[in-house]
Amino acid sequence: MNPEKNKKIYNSVLELIGNTPMVRLNSVGSELESEILVKLEYTNPSGSLKDRIALEMIEQAEKAGKIKPGDTIIESSTGNTGFALSTIGILKGYKVLIYETMPGKAGGEKMRMMHNVGAEVRLIEPDDIEGLQDRSIAGSEVELPGRQLCLDDEKAHPGVWWARQFSNEDNVRAHYRTAQEILDQTGGKIDIFIQSIGTGGSLVAIAEVLKKECPGVKIIGIQPASSKEHWTPGMDFPSTEIKGGIVARMLKQPELIDELVMTTDAEAREIAHRLWKEEGLYCGISSGANVHYALEEARRAQGKLTIVTLLNDHMDRYLTEEHYVT
Ligand SMILES: Cc1ncc(COP(=O)(O)O)c(C=O)c1O
């Protein structure tokens, strides 16, 4: 046991957001020379990296006078941002309404979790999972109908605030801290950083910081293979009130992301299973996608590289169905 761990008493669970641990993989990829370091975002209080952005978006909106306790926070989400906003919003005295945008039974755990903490959850079913080629689920695409409902609700009802995770700059700002933690944990010795893309908030923020601080670092973003849009760095990506946002900003800067790749549902799931069984890392399926691609890079590498990625959420939301969802 580590005698230095958790020596103090915290005043609230909100103080436990961020400062997540980083762990070296021991078994997965052990045949390869490079080292793979994973940052355990699933150890955040609600079980995903989205606690960071939920706290930042709410606190900045409070500071700007856009919301006050008693108001209703709304969002369209495949579930992690929904549960993070539910956790933090309800603790802070807000009502929370989430349009859950997962097909069929895939979002069942997250819907129950949000309901259990007192949020209102409305299911907006996209195409059935069988209709999504590859059965992975791209948040940037399936969240669109829910975003339209959020926009309509916010316009129609005073006291309703849509967090707009896909375009809210406070999403990116929250992850500047994630980036600083990565620099502190690695001493800045990072050759490759890899992250799955939902809103793009974590990838954009971490890419911006690492590109400045780690000369020669390679940044790789992953889209779920079901994505109808195949993004390339530098491509034109028009924004609307419900689409684009942080992803559009990312694509506009061709030097920010070196490669955009796709990972399939099956590839992501296979590696998530190995992380559970061989490493005791109880992460979700997008974490499997990240490590799948880290292994691909380690196989291609000449010499010993340090590859860093995030384990985005907890396995507890994939007990019924296991899909690569962002
Ligand atoms: C499980 C999971 N992995 C990865 C991501 C990607 O995070 P971001 O929105 O920062 O791109 C998300 C969110 O969309 C997610 O829920």
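In the numbering used here, the protein residues as written are -8 to 317. Just so it is clear, CB atoms sit at the ideal spot from N, CA and C, and this is done for glycine as well.
Below 6 Å CB to CB, which residues in the same chain sit around GLY367 once its five sequence neighbours on both sides are set aside?
Residue 367 cannot be examined here, being either before or after the span of the chain that is shown, -8 to 317.
Can you tell me the Cα-Cα spacing of GLY61 and ALA52, whole angstroms?
14 Å
Are there any heavy atoms of ligand 1 lying less than 8 Å away from the beta-carbon of VAL282, as far as the coordinates show?
no
Is SER193 near ligand 1, with its Cβ less than 8 Å from a heavy atom?
yes
For LYS219, is the classification buried or exposed, using 16 other Cβ atoms within 10 angstroms of its Cβ as the cut-off for buried?
exposed
Starting from PRO215, follow the beta strand (DSSP E) in both directions and report where the run begins and ends.
209 to 215
Between the beta-carbon of ILE359 and the beta-carbon of VAL252, is there less than 9 Å?
Past the boundaries of the shown model lies residue 359; the chain is included only from -8 to 317, so the question cannot be answered.
Does the distance from the C-beta atom of VAL282 to that of VAL19 stay below 9 Å?
Going by C-beta atoms, VAL282 is nearer than 9 Å to VAL19.
Among residues of its own chain, excluding the 5 on either side of TYR309, which ones have a beta-carbon nearer than 7 Å to its beta-carbon?
If we look at TYR309 and ignore the five residues flanking it on each side, its Cβ neighbours are GLY275 and ILE276.
So, are the CB atoms of ASP182 and THR34 less than 9 Å apart?
no
Name the two residues that bound the continuous alpha helix (DSSP H) containing VAL200.
192 to 204
Return yes when the C-beta of LEU40 is under 8 Å from any heavy atom of ligand 1, and no when it is not.
Short note on LEU40: C-beta closer than 8 Å to some heavy atom of ligand 1.
Report buried or exposed for GLN186, applying the criterion of at least 16 other Cβ atoms within 10 angstroms of its Cβ.
By the C-beta density criterion, GLN186 is buried, having at least 16 other C-beta atoms within 10 angstroms.
What's the C-alpha gap between GLY84 and ALA55?
17 Å
Could you tell me which residues DSSP puts in a beta bridge with TRP152?
ILE64
Sort ARG168, LEU31, ALA216 and GLN176 by Cα distance to VAL195 and report the nearest one.
In terms of Cα proximity to VAL195, the closest of ARG168, LEU31, ALA216 and GLN176 is ARG168.
What's the C-alpha gap between VAL379 and ASP144?
In the structure as shown, the chain begins at -8 and stops at 317. Residue 379 is therefore absent and cannot be evaluated.
As a quick exercise: from GLU111, PRO229, GLU32 and LEU82, pick the residue whose alpha carbon is nearest that of SER68.
GLU111
Please confirm if the region 36 to 46 is in contact with the region 149 to 169, defined as three or more CB-CB distances below 8 Å between the two stretches.
yes
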